[in-house]
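Participant:
Number of protein chains: 2
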Amino acid sequence: MWYKHYMNETKTTVSKSQVTSRRLYEISMAHFLEKGFDQTTMRDLAAAAELSLGAFYYHFPNKEAVIQRFYQQSFDSFKYACDSVFAETENIEKRLLGVIEARLKTFEGSREILIVLSRSAVDPRSPLSPFGGDQKEIREKTVSIMREMIESSDLKCEKGLRTYLPELFWMYMMGMILFWVFDESNNQKKTRDFIQQLTPQIVRLIRYTRIPLSGTVLGPLKKTLEMLIGPR
Amino acid sequence: MWYKHYMNETKTTVSKSQVTSRRLYEISMAHFLEKGFDQTTMRDLAAAAELSLGAFYYHFPNKEAVIQRFYQQSFDSFKYACDSVFAETENIEKRLLGVIEARLKTFEGSREILIVLSRSAVDPRSPLSPFGGDQKEIREKTVSIMREMIESSDLKCEKGLRTYLPELFWMYMMGMILFWVFDESNNQKKTRDFIQQLTPQIVRLIRYTRIPLSGTVLGPLKKTLEMLIGPR
DNA sequence: GCCATTTTTTGAACATGTTTAAAATTTACT
DNA sequence: AGTAAATTTTAAACATGTTCAAAAAATGGC
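Residue numbers (this note's numbering), protein chains in the order written: chain H, 1 to 232; chain F, 1 to 232.
1) For a test of the three-state rule: what should DSSP assign to L218(F), helix, strand or coil?
2) Along the alpha helix (DSSP H) that carries F194(H), what are the first and last residues, could you check?
3) Quick one, which residues of the segment 189 to 206 of chain H are near chain F if we go by CB-CB under 9 angstroms, in chain order?
4) Buried or exposed: V181(F), going by 16 or more other Cβ atoms within 10 Å of its Cβ?
5) Am I right that V116(H) and G98(H) are in contact with their C-beta atoms under 8 angstroms? What's the rounded C-beta distance?
6) Can you find a C-beta in chain H that's less than 8 angstroms from the C-beta of F70(F)?
7) Where L45(H) and R192(F) are concerned, what is the direct C-alpha to C-alpha distance, given to the nearest angstrom?
8) What is the residue span of the alpha helix (DSSP H) that D134(F) lies within?
9) Among the candidates D123(F), S118(F), M173(F) and F56(F), whose CA atom is the shortest distance from the CA of V143(F)?
10) Can you give me the Cβ contacts of P166(H) inside the same chain, cut-off strictly under 7 angstroms, excluding the 5 residues immediately before and after it?
11) Give the secondary structure of L228(H) by DSSP, where H, G and I count as helix, E and B as strand, and everything else as coil.
12) Would you call the segment 58 to 70 of chain F in contact with the segment 89 to 106 of chain F, where contact means no fewer than 3 C-beta pairs closer than 8 angstroms?
13) Of all Cβ atoms in chain F, is any one closer than 8 angstroms to the Cβ of F131(H)?
14) Is it a yes or a no for the segment 70 to 79 of chain H touching the segment 38 to 56 of chain H, going by three-plus beta-carbon pairs under 8 angstroms?
15) Give a yes or no on whether the C-beta atoms belonging to S15(F) and I92(F) are separated by under 8 angstroms.
16) Please list, in chain order, all residues of the same chain as K233(F) whose beta carbon is under 6 angstroms from its beta carbon, the five residues on each side excluded.
17) If we cut at 8 angstroms on Cβ distances, does D134(F) have a partner in chain H?
18) What does a CB cutoff of less than 8 angstroms around T199(H) pick up in its chain, not counting 5 residues either side in sequence?
19) Once you ignore the five residues that flank C157(F) on each side, which residues in its own chain have a CB closer than 7 angstroms to its CB?
20) Quick one: complete beta strand (DSSP E) runs, 3+ long, within the segment 94 to 122 of chain F?
21) Take E34(F) as the anchor and find which of K105(F), R111(F), T106(F) and E90(F) has the nearest alpha-carbon.
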């Protein structure tokens, strides 16, 4: 073994490959953040790591794979942040705000990276599409987080609608991320303000659905949701 | 002059460059549609046109410029189609359905091209971003079409909301296009059905805003719209 | 510690979008 | 028609993401 070290009382072996790929990842991200993704050359990265170009490709199948790893890691810290949001309050509005805020925070300072990710995500054939490929898994996990957020919350609403909420909230968050990507204001303040403004209104509308009268609107809406998300 | 020809009683001179670039455009699109954008090489195109690679670049600054031209032309035929939709009915629901249907029709058979366009459109730095660059103009023209659609229609709704509708309908249409891009069903039937289902509900909600009672929801919504679209 | 096997690295080559300087062609004017 | 200026075309080079076969290094069992 190349490298052994002790972590939490358990011997953990780390292969040389893991060490190198982490190093490559860190060097790469540093370059991407400083010079931009497109402006950073694979040759730059290999040189900075004092490795050959081919060796880089041994560790990452392509340039995008590096930022896919970033996306994966950002998801992990997002998930972790959600736990503490849920521990803090049962109020659905606060939770939803907290979750979206947590998500944006994981992207903070990496807006250009997210743009690169988005442009692949929009391609249904790409492995970064939220519906196929590697991102599918993250989407499903995110929907599960939304489900968890709702189930243990104070939200009361029409039963049928409730089953669609996890996917709807996922879409809402994706929309806000898109808004954020396009938001050129200082530190994307516009996005933050917008979310603060819109989220309570959405929650309020959802709560209204308990009133029987709302059936007029809700009836046809359910069919629409089924077409959008799939049958329940 | 390389080429003169008569059109509508007026002498129109067509430069050699115009003739060549149209030819290149047509050859290119044929290849893109048959083999796919990424699978078609600039060398393929130059060879098919019996021109050198460099000559191709004299007529188009880059590969994407070819499909930008397609996008421009698709917009022109969309705009034309809208006129006949408006001539046909004043009913806002029918108009909105007709306009969106017309838009999708201009993309029919070119889904892959639209995917390529979308992945650039999602990048705020790209000339294809709807907010900057060349597409900005098309976005503004499309919003104007929506405005025209509303103004001469039978739609009655709360006055303040009305001023935001052109942009809102534009966003709605963009959303449906995105849905269409991801829709893998036969001939994107799911998208068509979804639009048929959702559009009348949206129109109905908008019409409800004439009822004074609706102020409870509409009040905060207006501020949200202002943040989304800008002040009126 | 030595050898067979596996993992990692290397350097060169390849594919394709793009640029460029010079040559060929076309145009506009007399 | 002849010529200077412009437009268009060419061939070669360049930049950069990616692949590949062979070499080097590391590993595991004896």
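Note that the Cβ used here is the ideal one computed from N, Cα and C, for glycine as well. Note that this is a predicted model, so its numbers are computed, not measured.
Facilitator: So, from the data block:
1) For the purposes of this step, residue 218(F) is identified with residue 218 of the second sequence, where counting begins at 1. Helix, per DSSP.
2) In the first sequence, counting from the first residue as 1, residue 194(H) sits at position 194. Looking at the DSSP string, the run of the alpha helix (DSSP H) that includes F194(H) is K189 to Y208.
3) K190, D193, F194, Q197, L198, P200, Q201, R204 and L205
4) The residue you call residue 181(F) lines up with position 181 of the second sequence. V181(F) comes out buried.
5) As a position in the first sequence, residue 116(H) is number 116, starting the count at 1. As a position in the first sequence, residue 98(H) is number 98, starting the count at 1. The Cβ separation is near 27 angstroms, so there is no contact.
6) Here residue 70(F) refers to the residue found at position 70 of the second sequence. So, not an interface residue.
7) One-based indexing of the first sequence puts residue 45(H) at position 45. One-based indexing of the second sequence puts residue 192(F) at position 192. One C-alpha to the other measures close to 46 angstroms.
8) Position 134 of the second sequence, counting from 1, holds the residue named residue 134(F). Run containing D134(F): G133 to E151, per the alpha helix (DSSP H) assignment.
9) Residue numbering aside, residue 143(F) sits at position 143 when the second sequence is read from its first letter. Checked all of D123(F), S118(F), M173(F) and F56(F); the closest Cα to V143(F) is M173(F).
10) Counting from 1 along the first sequence, the entry for residue 166(H) is found at position 166. For P166(H), where only same-chain residues beyond five positions count, the Cβ hits under 7 angstroms are V143, M146, R147 and I150.
11) Stepping through the first sequence from its first residue, residue 228(H) is reached at position 228. Reduced to three states, the DSSP call for L228(H) is helix.
12) no
13) For this step, residue 131(H) is matched to residue 131 along the first sequence. Yes, because at least one Cβ of chain F sits closer than 8 angstroms to the Cβ of F131(H).
14) no
15) Taking the second sequence and counting its residues from 1, one reaches residue 15(F) at position 15. Taking the second sequence and counting its residues from 1, one reaches residue 92(F) at position 92. Result no, Cβ atoms of S15(F) and I92(F) do not sit closer than 8 angstroms.
16) The requested residue 233(F) does not occur in the structure, where chain F is confined to residues 1 to 232.
17) Numbered from 1 along the second sequence, position 134 holds the residue referred to as residue 134(F). False, the Cβ-Cβ gap to chain H never drops below 8 angstroms.
18) Mapped onto the first sequence, residue 199(H) falls at position 199. Hits under 8 angstroms: E93, L96, L97 and I100.
19) Numbered from 1 along the second sequence, position 157 holds the residue referred to as residue 157(F). Correct list, in chain order: I206, R207, T209 and R210.
20) none
21) Indexing the second sequence from 1 puts residue 34(F) at position 34. Measuring from the Cα of E34(F), the nearest candidate turns out to be R111(F).
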